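Take the sequence shown: its letters are residues 641 to 1258, numbered as in our numbering.
Note that beta-carbon positions come from the ideal geometry of N, C-alpha and C, so glycine has one too.
For clarity, every value in this text was computed on a predicted model and none was experimentally measured.
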Amino acid sequence: MRDFVAKISLTALFVLAIFSASAAEKVTFEANSPLTVAVGEAFRVEFALNAKPDGDTFKAPSFEGFDVLAGPAISQGSSVQIVNGSMTKSVSYTYTFVLLPQAAGNVTIGAAEVKVDGSSYRTRPLPIEIVNEGEGSRAQQQQGGSNRADDTQADAQSRIGKDDILLRAVVSRSSVYKNEPLHVAFKLYTRVPYVNIVPESAPSFNGFWSQDLSDPNSARVGRETYAGKVYETRVLYDYLLYPQQVGSLTIDPVDMTVVAQVVVQSRHADPFFGGGREVFNVPRKVQSQRATVQVKALPAGAPASFSGAVGNFTMDTQFPSERIAANSGATVTVKISGTGNLTFVQAPKLPLPTSFEQYNVKTTESINTSASGISGYRQFEYPFIARAEGAYDIEPIEFTYFDPQRVQYVTLKSKPLTLEITPDARGGGDAVVMQGRGMSKEEVKMLGQDIRFIKLGGAQLRSERVPFIFSAAYWILLLGVLALFTMIYVALRKQIRESQNVALVRGKRANKVAVQRFRAAKRYMEEQNRHAFYEEMLRALWGYMSDKFNIPVANLTKENVREELHKRGVSSEDSQRFTDIITRCDEAQYSPVESARMGDVYSEGVNLISRIESVIKR
């Protein structure tokens, strides 16, 4: 029994010693990194904690002046030491980041923060000197203990050849006509594995109207042979371009950093335990070549029915019955199908007589966009009402396009049509017979008013003093009061109807709501909150178009916005500028690199909405 009690006591003392030693250990939170690094050289920053943190309370610094290639990678460990009968237990948590310097200079990495048992701990800021690439090896030699790691890092970098990572702008054609589509894809060619891609500049197409074909939900990868070598390829950007200017147009290069992954055998591997294989992330800056496209002008002598269509098209027309009753509506339908710049195809002119009432053209379309171009159709419906009886010869509808394959203008014509407008079967009195030089009903009515009847009999005399009641002034005043109340009543009814018309109310408040969102975006800009700024700019732009055109935001696309702006008389330059601003905001919002200055995007967005509002209000 005594032995059992002694064992229990020793065990309790042993456990108590472990907990007391663990509790007595002081919490430390330290940051470690090289003192000097070179531009273009990736390095690690470690934040080491000798205690267990409270959940997900670690807060990393902003790393201003660096690109974060990887991290945070969290590792943890524990150890128990017994020295001279004294036991010590410790735990460790390490947060590791891989950074890439952006430019030479002295940069300070801010403090990281973490909580342990409710108390906050912060690391000291890390000053780092960033030198140019030529000075990197000399600076590394001054850091003493890091020489062996630097040798292995240099070995990893030397294993990536100059042609192992390439970025190319693949252009489908180098010579096109104005408005003739061409395809450009920015493609990454690699012969080594990579773990990350950091874009540094977005594609820019000056002089082109561009349509983005990139699909973020699918990665277009493959294998190709280029310059005698086999590469793994990936399409990063995919665009369809329509040149809007004549001459030599340039597609600017795109810059990005590709982080390759290299496995090397350490030069200082332990001969007893073996191993020594290390994985390094090696960043490489790549740039696509500058591509040039020669844009030829369209030949002179274009027919009057040419409106800029380039490609290969067909035209199908549907006419109403050849006999139409007066005062009844009818529709002519024209369908343009084919491949080319179908988005820019405009409605052909319908030559109707002046006595026909023609209404706004309704446009429907089905367009498919691919790397080979745009195909599909645009259909135009021309509603009209024939007011005058008689027989009318309708001239053929003409549509002209330029065929770049045959290098000539092609004019498509519908068949001629003769419409016979019969009398209104419902007995409407507005139909007018136009055959011959008979007089219209309006002219007959005027003849009954131009000669007044001469009144007979003696004149009736009245007293000069006429009472106010029932006098002319009395009736005028009474009519004025009634007219005023009528106007107030009509205005109130109109206001009530408009308040019940949600689409009308949204359209009138679109500019006011956009201004409020622009103010919020400006506040984010002043706070240097890039993500919130571009998100608010997108809300302002898309929200204005949704309210103005009564289209849900989920159904808004760049194509239907351009169509609605065109219907309301907004210039094609402003329509294109709107899509450009949307594209720039989308890219800047999700890109870690600043591709557009917030001040420029804000000014262009505010000015553009102001111009569109002034045009639509006319």
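Check: Quick one: Cα of Tyr1049 to Cα of Val1130, how far?; Outcome: 56 Å
Check: Kindly indicate which three-state DSSP category Val1241 falls into: helix, strand or coil?; Outcome: helix
Check: How far does the beta strand (DSSP E) with Asp1064 in it reach, from first residue to last?; Outcome: Segment: none, Asp1064 is in no beta strand (DSSP E) and carries neither H nor E.
Check: Using the Cβ count rule (16 or more neighbours within 10 Å means buried), how would you classify Trp849?; Outcome: buried
Check: Can you name the residues that DSSP bridges to Lys1198?; Outcome: Its beta-bridge partners do not exist; DSSP assigns none.
Check: Can you list, in chain order, the residues of its chain with a C-beta nearer than 6 Å to that of Thr668? Leave out the 5 residues immediately preceding and following it.; Outcome: Asn690
Check: Leaving out five residues before and five after Thr1004 in sequence, what residues of the same chain have Cβ atoms less than 8 Å from its Cβ?; Outcome: Arg1018, Gln1019 and Glu1021
Check: In three-state terms, what does DSSP make of Arg924?; Outcome: strand
Check: Write down every uninterrupted run of the alpha helix (DSSP H) in the region 1165 to 1229 whose length is 4 residues or greater and which is fully enclosed by it, in chain order.; Outcome: 1170 to 1189 and 1198 to 1207
Check: Between Ala949, Ser1111 and Arg1027, which lies nearest to Leu938 when the distance is taken from Cα to Cα?; Outcome: Ala949
Check: Helix, strand or coil for Glu686? Go by DSSP, reduced to three states.; Outcome: strand
Check: Can you have a look at Asn672 and say buried or exposed, based on whether 16 or more other CB atoms are within 10 angstroms of its CB?; Outcome: exposed
Check: Val677 and Pro741: beta carbons closer than 9 Å?; Outcome: yes
Check: Looking only at C-alpha atoms, which of Met896, Thr954 and Asp956 sits nearest to Gln929?; Outcome: Met896
Check: Do the region 876 to 883 and the region 820 to 829 meet, that is, are 3 or more Cβ pairs less than 8 Å apart?; Outcome: yes
Check: Taking all protein chains shown into account, do 16 or more other C-beta atoms lie within 10 angstroms of the C-beta of Gly695, making it buried, or fewer, making it exposed?; Outcome: exposed
Check: Mind the definition here: the region 696 to 707 touches the region 733 to 751 only if three or more C-beta pairs lie below 8 Å; say whether that holds.; Outcome: yes
Check: Three-state secondary structure (DSSP) at Gly1120?; Outcome: helix
Check: What are the boundary residues of the beta strand (DSSP E) that includes Gln742?; Outcome: No beta strand (DSSP E) holds Gln742; DSSP gives it neither H nor E.
Check: Do the CB positions of Thr736 and Glu686 come within less than 9 Å of each other?; Outcome: yes
Check: Let me know the secondary structure DSSP gives Lys936 once reduced to three states.; Outcome: strand
Check: Just checking, does the region 1155 to 1170 make contact with the region 1206 to 1218 on the three C-beta pairs under 8 Å criterion?; Outcome: no
Check: Pop quiz: Pro843 and Val894 are said to be a contact at Cβ under 8 Å. What is the actual Cβ separation, rounded to whole angstroms?; Outcome: 6 Å
Check: In whole angstroms, give me the CA-to-CA distance for Tyr817 and Ile1007.; Outcome: 22 Å
Check: Return helix, strand or coil for Arg813, following the three-state DSSP convention.; Outcome: coil
Check: Pull up the DSSP beta-bridge partners for Arg1018, would you.; Outcome: Ile976 and Glu1005
Check: Less than 9 Å between the C-beta atoms of Ala931 and Thr890, yes or no?; Outcome: yes
Check: Whole angstroms are fine: how far does the CA of Gln958 sit from the CA of Phe1039?; Outcome: 15 Å
Check: Check whether the Cβ atoms of Ile1249 and Ala1180 sit closer than 9 Å, and answer yes or no.; Outcome: yes
Check: For Lys755, collect the residues of the same chain with a Cβ closer than 6 Å to its Cβ; drop the 5 residues on either side in sequence, then sort them by chain order.; Outcome: Asp694 and Thr697
Check: Ile1061 and Gln851: beta carbons closer than 9 Å?; Outcome: no
Check: Enumerated in chain order, which unbroken segments of the beta strand (DSSP E) with a length of 3 residues or greater are wholly contained in the region 832 to 898?; Outcome: 834 to 839, 848 to 852, 861 to 866, 869 to 883 and 887 to 891
Check: Whose C-alpha, out of Ser1243, Leu675 and Gln1216, is nearest the C-alpha of Thr983?; Outcome: Gln1216
Check: Count the other C-beta atoms from every protein chain shown that fall within 10 angstroms of the C-beta of Val1193, then say buried if there are 16 or more, exposed otherwise.; Outcome: exposed
Check: Straight-line CA distance for Phe826 to Ala1011?; Outcome: 13 Å
Check: Can you tell me whether Leu828 is buried or exposed? The criterion is at least 16 other CB atoms within 10 Å of its CB, across all chains shown.; Outcome: buried
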